[in-house]
Each structure stands twice: as C-alpha cells, then as structure tokens.
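A short write-up of the structure that comes next.
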Amino acid sequence: MLSLPFWKTCAMFPLRHFRSGFFLLSMGMMGMAGHACAAPALMPQPVSWQIAPGNIPLAGGVRIEWQGVRSAMLDRAAERFARRLAVLSARDAVAGQQAGLTVRIQCQAADPGLLSVHMKEHYHLRTGSDGATLVADGPAGVLRGLSTLLQLVERQEAGPVLDAAVIDDSPRFAWRGILVDVSRHFMSVTALERQLDMMELTRLNVLHLHLSDGQGFRVESMLYPRLQQVASHGEYYTRQQVRDLVSYAADRGIRIVPEFDTPGHSYAMVQAYPEYAAQPITTPMDPNRVVRAAIDPSNPQTYVFLSRLYHEMVGLFPDAYFHVGGDEVRPDEWTGNPRISAFMKQHGYASTAALQAAFTARVQSMLARDGRIMMGWDELIDAPVPASIVIEPWRGSRYTAAATAAGHPVVVSAGYYLDLLLPAVEHYRIDPLDPQGNGLPPDQVAQAHAPFLDAFTLDPAARMTPAQDSLVMGAEAPLWTEIVTEEMLDTRLWPRCAALAERFWSPATVRDENSLAVRLPIVQSELEILGNHAATDSHRMMLRLAPDDATPLAVLLSVTSPVRNYAHNHVFGPSRITPTPVRPPQDRAADIAAPDSFAAAAFERDVRAYVAGQHDLAASLRVRLENWRGNDIRLQRLARTDPALREVLPASALLAQLAQAGLDALDGGRGGWQAGATDALERARTQSDASASILKVRASAQPPGDLVQDIAPAIALLVQAAVQVHEIRAG
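First residue of the sequence shown: 1221, per our numbering; consecutive thereafter.
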C-alpha cells in the first residue's frame, strides 16, 4: 500500500469556471488549460453584483457624459480609463466615428474627506445595451467604479465586449495598503508610479513608503544634507520627486504615508550624523551594526534633530498620518552606553521599554504640533503611550487585541508579509479581524526581523469585542526588500496584492479560495496588459541566466516556487550565509520564480477533475507531464554552456521524476513504478517541509537552488488514484 500522508491532506474541490479573456501566455502560465466563460473575474469582488444577459460590443472610443461634480482630477481619471479600455479591447477611437461606448458618470459630492480615511468610495454601476452608468458618492467612488468597469471587458470570438452587470459596492476597510521598503533596495519613481497604477486598478488606497532604515535614507533634506550626501549612497528622492509622486498618487485616490524609522533601525541617520547615535559608528555599512544602531534618547539635541527633520518631511508628505517605526530597538544599544544607563536611573526608567515610551511621547508631541497623527509598530505598546497613536501590529493577533484594548486605532500587517514568499492563498485566508494570530501557525507569528523568534507566541484567547473591531482601520501588505531589487518588484507584489486587495475591500464572507485560484491569473494578465512588468522583467532575468534559450528554464520555473519563510534570505538555519558589506546580486533562478505557480494550480484543478471522473482530461494532462519530463534533458544541455543553470539541475531532475510518476499513474502503473513515485514524492515533501515555517527553516537545510516543486500535490493525487484502482482490481 502506498502511503502518502502529507499529500493526502489536499482537499478536493469542484471546478469553478470564469472567463478567460485577455489570458496572456506568459512564462508563468505555461500549461494552463482554458475554461468556459460564465462570470467576469472581478477582483476585489463587489459587495453586491449581478451579471445581466447580453453585452456591449466595443468598437473603439469612449464618450463620457458628466452629471454632478466634475473636476480636473476626474477628467484625468476618465482619460486614463479611455486609454486603458483601448489597450484591453485593442480598439482605439477613430477620428470622425462615433464612440463605441457611452459612460454616464454622476459624482454626487466633492467630498471634503477625499484622500483621508473618511473618503467616500461607494459607487453604483450598471452596464447594458445603452452603455454604462456610474453613480458615486464622491470622486474616489468614481475612480473605484471605473476600475471595476475595466474588469467587465471580455474578449469573445467576435471581438471585445463589455459584460452587462448591476453592481453596488463600497469597501469594508478604509485603509487598504501596500508597504514598499525603499531603504534596503531603492526603487525608482517610475517603478513606484507603476505600482500606484496597479493599486488604482485593484482599489488599494495607501502606499506606505519605508524611507529610512539601516541601509539608507531616501529623501532629500535641506536642513540635514548629509542624509542624502552620506546616508543615501547616491540613491534618494529629490523634494520635487516626492511632491510629484504624492500628486501622482492623489490623482488615483491613493494616499502616501511616509515612514522614517526611529529610535531603532537608524544606522543610516546616525551614519550621517553620528553625534545622535547611542553607540559609536565606526565601520561604514558594518552588516552587524546596520540592523542594530539606535538613536540616543538621552541627548537633548536628538529631539531638536528629529523635530526639525520631521517638520521638514511633513512639508513634503501632506497625509494626516506619519509613521515613525519604533520597532526592534535592541536593549543593549541603550543599556550598553553608561551615559544612557545613568539617564535611565536618574529619571526612573526601569526598562528600555519605559525609556522608549518616553521617547515616543515626545515624538508624538512633535508630530501633533505639525498636525500629524503618529503611527508606529506594535513594540510601541510594550509600555503605555498616548492612545491617539495608530499601532501597526506585525507580530500577531495578541498585539492587535492589546492595542485596541488600550484604545489605539490599528492597521494590521501581521499575516501579510509578502517577503515571506508565501503564495497568495496563504495571505488571502487571513482576515484582519481573525482572532487567532490572524490565521498564522504559532511558529510563524514572528517575522525574521525579530531577534528573538521563539519568544513570540499566539494567544488563542486574543479575541476582540465589537468596539475593538471598530478600531481596526484596515490592513496593509509589507514588502521588505532585503532580497528584492527593482527588477523583481512587480513579481513580488503582484498578483498577491490583488488577492489582498480583495481581502481588504470585499465582505468578510468572500473567502472562496478555489474562486481566487481561477480568477487570480486572469486579473494578473489584465494588469500586465495595463502596464505591470512581472512577466517582462522575469523573462529578461531568465535570458541573462540562459542566453542561449530561456524556454527550458521558464518551463522549470513555471511549476516551481522559491522556498518560503525567509529561507531564501539565508539569514538563519543550516543554510545561513554570513552577511557581508556588499550584498550578493539577486540573479538566481529562485529570485525569478514566483510564489504562485498558475501552471501547477491549473494542473492540480484538472487532476482533481480527472480523478473525479472527467477522464477526457487525460490527454491534456499527458501533454503537460511529457513536457515536464522531457524538459530536464533540454535544461541539462543548456547547463553545459550556461553554468548559472547548474544549481537548478537537481530541481529539474526531480520535476522529471515527478512527471514520470504522473505518467505511470495515468498508464495504470507498470512494474516497480510505485517505488520511484514514492521516492520522488517523499523528496518533494521533505524539500517543501524544510521551509514550511520559520522554525523549520531554522532547523532544516534547503533544497538545491532554493526551489520547491509545486506539482507534487497533484502528482500525489494521481498516484493515489492509480493505487486505489489497482487495489480494487486486485481485490
């Protein structure tokens, strides 16, 4: 009897069919089978939506009819909509011809709360034979409605059409964000503008920029010019670039919230101005000091420095919220300084948490004088701080519960760390109001940024009252960029941010993971048509590794994903690499591999249908399996002249063995096949399990090339079905 306990945990689910319009045959989607059209792939799903019979042929061009409020911002939004519609439909406006689509827009109010947590984003949308009618409570609602209208575009045999529908929609949470860390790897203005476009299309509304950390300070300062001269390493945003980026975001109904991290994560600041450091700054970019350096809270001049700097930055970032970090202050940075220790004793600070609370209160007063609401990470509540401070819990639900119990507004990021390289569904199943660690397993609550991983545990009793729930303003997905370059930015953000946009916008009852799996590739295809660079950047990276022929590498990466939970960072565990002042380049195959394998997901859906009785899928399954099996020989040939490919050859060989097991299972099994299948599946299981949690990463060596086999669960299903058939026949 073949025992497959790990893979047998895969639950069966029925196929859900959605439209396959605009489905790009990108390298990440190779091998996917098409599905019948039944409903548009809306993401986020609206609160209420009904697809009506019929559709509107799109002949090219849009005529906008305005009612109510109209502004230059809305005119620009309409122009963007028209351009995007032309790209999606491949139907440009023709001079002298009547527009193919009429869109009637009624904006009911100017909305004084625009670009705040109170902005009006509700809209009602109806499409039919007479065109589209969009009624919105305010300008933001117009933007959100136009993004949904684009998702109703469908490509049919006779040409592009707009589906008929009736939609009423508004967000569940006011704060729906992405955090991009531009300190560890700088991201150009162009790259950030591209993310803002994607955010507009998926109805996200906050871009949180982590602008200072140990690795760099990224905004030009007139008051403290050494911040860009010394601490930026030549990569920073000028004051005008900041203003332009804020304006670009505002045009799309998106707020930019800046973060300048203190008192910890301050190496860049004190490298430029060492007189404010808690400990001496000696070696430039010492990797052991970059993550530890803190500001001196006992120095009165520290507060003059921060007050002036923050006041200057407030002038560049108009949002009401200003994030000051406050996380991961190493106690010995302060207690190891005799002067700071004496200061603590003199003022009665019994712990570094108490000292930080006093520091926090002073910074909060500075920002309040500038009319800003202070935000910080959940370490701020380790000692009492003013309740007006917005807390961002990142270590689990007990911090959300503790912060809201103390009266703090909250923006949740626990469970949404994109740099864990988890697939979209792992984040999607976590709700900001989930009571038990936001859905994370106990050993995954802490992130690798914390020095004391095992100290963080879940509190299953961390349930909140309705009053506490009301203090949760929303959530955001952080992308820390230790191992993310600008060339990787789109792939690491999308399409997972589209899935989280749905989690943050749609009703809590929208949790169908099977529906998500089918819609996500379609939405990603549309984003790529409209400017996302995930496929093009990944293909360029593959060509550098395999200039002779990137196709075999693309086939391998289409059904593998990078190891998870910071295993690929190699910061701890048996695979740990000692950090050096010069970071290694991000140019390995696992840097290209995406956390979500659409090809493997489609293969698994078809396998489930096949074992459930849809045997006409056998031919399609066989074609894919034969391609994966034969790909190993092609990749081996390339590796003879392209040495960068050699580290993925073990992963390629295992893929071929898994594919052979699948083919044997389709053939009903031949003599001795079960032993080979069991061996391949067990190795795939072991490799996947090595990065299944942070604690396992700490204890387990990682697979060759840092790649995980994503077709293994589907192969296990095929093998299991074949064994059962054999047992029945023998029975």
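We treat Cβ as the ideally placed atom computed from N, Cα and C, and that holds for glycine.
I'd like the list of long-range same chain contacts for residue i, defined as Cβ closer than 7 Å, with 5 residues on each side in sequence excluded.
i, result
"ARG1949", "none"
"LEU1837", "ASP1826, ALA1829, TYR1830"
"PRO1604", "ALA1577"
"THR1458", "GLU1440"
"SER1518", "ARG1559, ILE1560, PHE1563"
"ALA1623", "ASP1598, ILE1601, ILE1611, PRO1613, VAL1630"
"SER1452", "GLY1436, PHE1437, ARG1438"
"VAL1779", "SER1817, ALA1819, ALA1820, TRP1848, LEU1875, ASP1930, ILE1931"
"PRO1606", "ALA1581, GLN1584"
"GLU1707", "ASP1757, MET1761"
Please state whether DSSP places residue i in a helix, a strand or coil.
i, result
"MET1594", "strand"
"SER1390", "coil"
"SER1911", "coil"
"ASP1757", "helix"
"HIS1567", "helix"
"SER1349", "coil"
"ALA1832", "coil"
"THR1780", "strand"
"LEU1334", "coil"
"ASN1847", "helix"
"ASN1275", "strand"
"ASP1481", "strand"
"GLY1925", "helix"
"HIS1211", "The requested residue 1211 does not occur in the structure, where the chain is confined to residues 1221 to 1951."
"TYR1496", "helix"
"ALA1934", "helix"
"LEU1641", "coil"
"ARG1866", "helix"
"GLN1806", "coil"
"ALA1668", "Confidence at ALA1668 is low in this model, with a pLDDT of 31, below 50, so the placement of that residue is unreliable and no value is reported for it."
"PRO1380", "strand"
"GLU1702", "coil"
What are the residues that DSSP puts in a beta bridge with residue i?
i, result
"ILE1398", "LEU1427, ALA1697"
"TRP1286", "ILE1325"
"VAL1632", "ALA1695"
"SER1268", "ASP1388"
"TYR1541", "ILE1593"
"GLN1317", "GLN1317 pairs with nothing; no bridge assigned."
"PRO1356", "One point to set straight first is that residue 1356 is Ala, not Pro, in the sequence displayed. DSSP, once it has assigned bridges, lists CYS1327, TYR1343 as partnering ALA1356."
"ILE1476", "LEU1427"
With distance defined between alpha-carbon atoms, name the residue in the options nearest to residue i.
i, options, result
"GLU1299", "GLN1744, VAL1704, ALA1313", "ALA1313"
"LEU1321", "ASP1295, GLY1351, GLY1891", "GLY1351"
"TRP1269", "GLN1907, HIS1344, ALA1728, GLY1379", "HIS1344"
"VAL1775", "LEU1855, THR1906, ILE1914, ARG1404", "LEU1855"
"SER1795", "LEU1526, PRO1494, PRO1923", "PRO1923"
"TYR1496", "ILE1560, VAL1466, ALA1470", "ILE1560"
"TYR1444", "LEU1308, THR1422, PRO1494", "PRO1494"
"MET1693", "VAL1738, GLY1545, ASP1651, GLU1706", "ASP1651"
"MET1263", "ALA1306, GLU1733, SER1840", "GLU1733"
"LYS1340", "MET1586, PHE1724, GLN1806, SER1390", "SER1390"
"ALA1514", "TYR1523, ARG1375, ASP1811, TYR1487", "TYR1487"
"LEU1699", "ARG1716, GLU1455, HIS1567", "ARG1716"
"ALA1279", "PRO1772, ALA1315, ALA1871", "ALA1315"
"HIS1342", "ARG1392, ASP1357, ARG1683", "ASP1357"
For residue i, count neighbouring C-beta atoms within 10 Å of its own C-beta (all shown protein chains included) and say buried if the count is 16 or more, exposed if not.
i, result
"ILE1398", "buried"
"ILE1853", "exposed"
"ARG1475", "buried"
"ILE1797", "exposed"
"MET1442", "exposed"
"ALA1754", "buried"
"HIS1788", "buried"
"PRO1500", "exposed"
"SER1726", "buried"
"GLU1553", "buried"
"ALA1310", "exposed"
"ASN1851", "buried"
"SER1403", "buried"
"VAL1373", "buried"
"GLY1896", "exposed"
Which residues in the same chain as residue i place their Cβ atom closer than 6 Å to its Cβ, once the five residues preceding and following it in sequence are excluded?
i, result
"ALA1330", "VAL1289"
"ASP1816", "PRO1643, ALA1644"
Establish whether the CB of residue i and some CB of chain D are separated by less than 8 Å.
i, result
"PHE1724", "Of the protein chains in the structure, only one exists, and it is not chain D."
Could you name the residues of the same chain whose beta carbon sits closer than 8 Å to that of residue i, not counting the 5 residues immediately before and after it, in chain order?
i, result
"ARG1414", "ASP1710, GLY1751, ASN1752, HIS1753"
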